[in-house]
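Engineer:
Numbering (the working numbering), first residue to last: 23 to 287.
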């Protein structure tokens, strides 16, 4: 039995979400320590260019470009087994190899950019396996994708002694009854509940502007519009300035400053 008074802090797991251009990938560069990043977003390499970060890219392939009707009656005629999306199984093999070989032992931080684009790779593979590539996912397709995503992130967040940083996205939705506009995580309904539970920190990144110019913030506490946010860092402000002021010394700003100020690991 463990007494909470004697428990030591464990490395934090971050899910930083926001719209495109909110500074999520840049925030990753400010985390102290040796970093490795899995890149699924084609824009990420430009953002991290010039930084001391090792990364591996996995971009979409094998996608049919034919216009697909919603009707499923033509699925057998359009299925082409030669157009096999191999990115997800290639990533799976890469991750298992790095995990079992001890590759991650040399790193302090593991990044994942982003959950949104990674989920597309998962669905591409599911649709291909169900012989429906390029089509709109059915309930059965979503069930397979949700199960895969759940297993992947339960596995990743269970890696010990590492800071895990994942980028994700949010989208605006309109309530059908009230007409109110709300923000939600850009993922399926079940994953919107499950995925945040796996992270110690769920922050909302944003790009703001005042009379002095642009700056970047991270909202760390939930409100009515963003009930999915959370933080376990004691004393952290509801809104933190995470602007990267010096690209040559990124760890002095953003996440580096926050980890130093609030004593997190």
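We treat Cβ as the ideally placed atom computed from N, Cα and C, and that holds for glycine.
Could you say if the stretch 57–70 and the stretch 278–285 meet the contact criterion of at least three C-beta pairs nearer than 8 Å?
Structural biologist: Verdict: no, contact absent.
Engineer: If you follow the beta strand (DSSP E) that residue 59 is in, where does it begin and where does it stop?
Structural biologist: Within the chain shown, numbered from 1, the residue matching residue 59 stands at position 37. Here the beta strand (DSSP E) through residue 59 covers 57–61.
Engineer: Assuming residue 234 contacts residue 191 (C-beta within less than 8 Å), just tell me the rounded distance between them.
Structural biologist: For this step, residue 234 is matched to residue 212 along the chain shown. For this step, residue 191 is matched to residue 169 along the chain shown. Actually they are not in contact, since the Cβ atoms of residue 234 and residue 191 sit about 28 Å apart, beyond 8 Å.
Engineer: Does residue 279 come out as helix, strand or coil in the three-state DSSP assignment?
Structural biologist: By one-based count along the chain shown, residue 279 stands at place 257. Helix, per DSSP.
Engineer: Output the distance between the C-alpha atoms of residue 35 and residue 270, rounded to the nearest integer angstrom.
Structural biologist: Here residue 35 corresponds to residue number 13 of the chain shown, with the count starting at 1. Here residue 270 corresponds to residue number 248 of the chain shown, with the count starting at 1. Their Cα atoms are separated by approximately 25 Å.
Engineer: Run through DSSP, which three-state label would residue 205 get?
Structural biologist: Taking the chain shown and counting its residues from 1, the one referred to as residue 205 is at position 183. Strand, per DSSP.
Engineer: Consult DSSP for residue 284 and reduce its assignment to one of helix, strand or coil.
Structural biologist: As a first step, residue 284 is located in the chain shown; it is residue number 262 there, counting from the start. Coil.
Engineer: Report yes if the CB atom of residue 42 is closer than 7 Å to the CB atom of residue 73, and no otherwise.
Structural biologist: The residue labelled residue 42 in the question sits at position 20 within the chain shown. The residue labelled residue 73 in the question sits at position 51 within the chain shown. No, these two residues do not count as a Cβ contact at 7 Å.
Engineer: Could you tell me if residue 162 is buried or exposed, where buried requires 16 or more neighbouring beta carbons within 10 angstroms of its beta carbon?
Structural biologist: Counting from one through the chain shown, the residue named residue 162 turns up at place 140. Residue 162 comes out exposed.
Engineer: Are there 16 or more other CB atoms within 10 angstroms of the CB of residue 157, so buried, or fewer, so exposed?
Structural biologist: Your numbering for residue 157 matches position 135 in the chain shown. So residue 157 counts as buried.
Engineer: Does residue 219 pass the burial test, meaning 16 or more other C-beta atoms within 10 Å, or should it be called exposed?
Structural biologist: Sequence index remark: in the chain shown, residue 219 carries index 197 (1-based). The residue is exposed, with fewer than 16 neighbouring Cβ atoms inside 10 Å.
Engineer: When burial is assigned at 16 or more other CB atoms within 10 Å of the CB, is residue 123 buried or exposed?
Structural biologist: Walking along the chain shown from the start, residue 123 turns up at place 101. Exposed, because fewer than 16 other Cβ atoms sit within 10 Å of the Cβ of residue 123.
Engineer: Could you tell me whether the stretch 238–255 touches the stretch 199–211, where touching means 3 or more Cβ pairs closer than 8 Å?
Structural biologist: Result yes; three or more Cβ-Cβ pairs closer than 8 Å.
Engineer: From the DSSP output, in three-state form, read off residue 256 for me.
Structural biologist: For the purposes of this step, residue 256 is taken as residue 234 along the chain shown, with counting starting at 1. Residue state, collapsed to three classes: coil.
Engineer: For the stretch 109–144, which segments carrying the beta strand (DSSP E) assignment without a break, of at least 3 residues, lie completely within its bounds, in sequence order?
Structural biologist: For the stretch 109–144, whole beta strand (DSSP E) runs of length 3 or above, ordered along the chain, are 131–135.
Engineer: Considering only C-alpha positions, which residue in the set 125, 105, 38 is nearest to residue 77?
Structural biologist: Reading the chain shown from its first residue, position 55 is the one you call residue 77. Nearest option by C-alpha distance: 125.
Engineer: Under a Cβ-count criterion, where at least 16 other Cβ atoms within 10 Å of its own Cβ denotes burial, should residue 194 be classed as buried or exposed?
Structural biologist: On the chain shown, residue 194 is found 172 positions in, with the first residue counted as 1. Counting Cβ neighbours within 10 Å, residue 194 comes out exposed, since fewer than 16 surround it.
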